[in-house]
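Visitor: Numbering (the numbering used here), first residue to last: -3 to 172. For glycine and all other residues, C-beta sits at the position ideal for the given N, C-alpha and C. This structure is a prediction, so every number in the text was calculated from the model and none was measured. Sharing a structure, written as structure tokens. Questions coming.
Laid out in structure tokens, this is it:
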């Protein structure tokens, strides 16, 4: 259904919406709010709603949109929906980027969207490979733990009695 709507939409609007999605999904404050569910269990839906709200706002107001308006909207949504107080000027930077993106997309210049698409895709590939590597290392750690639990005869070692502190109250720790 959404793809049919995008096919009917002007390519400039489709590109702008894609760019807004990349900008907001890479915004650290919003990303943390969504990942940590600061907006509740429907944080992802709130982020998606926020993207659509911004696209519609630009669509309705066109070139009259100023960065300060967008910054105010971002700050208000982050506060109301994600209980997040922004103190790092990131909302201003995101708003400025969105206004720049809009001014480029309305004249058919999609270079910024294409750069963000490439960056976003490479980040997702990196994240996927990190998860795969992490999975591999977990398996290796489990094997090492199993190896350490068995002695040379292949039977599990008996747990050692806890060490007792010496007369000064110090505990000597040794590697085995």
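1) Leaving out the 5 sequence neighbours to the left and right, which residues in its chain are closer than 6 Å to residue 20 when beta-carbon positions are compared?
2) As an exercise, report each continuous alpha helix (DSSP H) stretch of at least 4 residues that is fully enclosed by the region 40 to 122, in chain order.
3) Would you call the CB atoms of residue 73 and residue 90 closer than 9 Å?
4) Go ahead and label residue 93 buried or exposed: buried means 16 or more other beta carbons lie within 10 angstroms of its beta carbon, across all protein chains shown.
5) Rounded C-beta distance between residue 101 and residue 15? I'm assuming under 8 Å.
6) Hey, how far is the Cα of residue -3 from the Cα of residue 43?
7) May I ask which residues mark the beginning and end of the alpha helix (DSSP H) holding residue 16?
8) Based on Cα-Cα distance, which residue from 5, 80, 107 and 24 lies nearest to residue 52?
9) How long is the line joining the alpha carbons of residue 56 and residue 122, rounded to whole angstroms?
10) Indicate whether residue 22 and residue 116 have their beta-carbon atoms separated by less than 9 Å.
11) For the alpha helix (DSSP H) holding residue 30, just list the boundary residues, first then last.
12) For a quick check, are the C-beta atoms of residue 96 and residue 108 less than 9 Å apart?
13) Does DSSP put residue 4 in a helix, in a strand, or in coil?
14) Buried or exposed: residue 120, going by 16 or more other Cβ atoms within 10 Å of its Cβ?
15) Looking only at C-alpha atoms, which of 34, 77, 24 and 61 sits nearest to residue 45?
Guide: According to the data block:
1) The residues 26 and 47, in chain order, have a CB closer than 6 Å to that of residue 20 in the same chain once the five nearest residues on each side in sequence are set aside.
2) Listed in chain order, the complete alpha helix (DSSP H) runs (minimum 4 residues) inside the region 40 to 122 are 63 to 78 and 86 to 101.
3) At least 9 Å separates the beta-carbon of residue 73 from that of residue 90.
4) Buried, because 16 or more other Cβ atoms sit within 10 Å of the Cβ of residue 93.
5) Rounded, the Cβ-Cβ distance is 7 Å, consistent with contact.
6) With a pLDDT of 48 at residue -3, under the threshold of 50, the modelled position of this residue cannot be trusted, and the question is left open.
7) Residue range 7 to 21 is occupied by the alpha helix (DSSP H) that includes residue 16.
8) Put simply, of 5, 80, 107 and 24 the residue whose alpha carbon is nearest the alpha carbon of residue 52 is 5.
9) CA-CA distance, residue 56 to residue 122, rounds to 37 Å.
10) Yes, the pair counts as a contact, with Cβ atoms nearer than the cut-off.
11) Where residue 30 is concerned, the enclosing alpha helix (DSSP H) stretches over 24 to 31.
12) Yes; because the gap between Cβ atoms is below 9 Å, this pair is in contact.
13) Correct three-state label for residue 4: helix.
14) Result: exposed.
15) Nearest option by C-alpha distance: 77.
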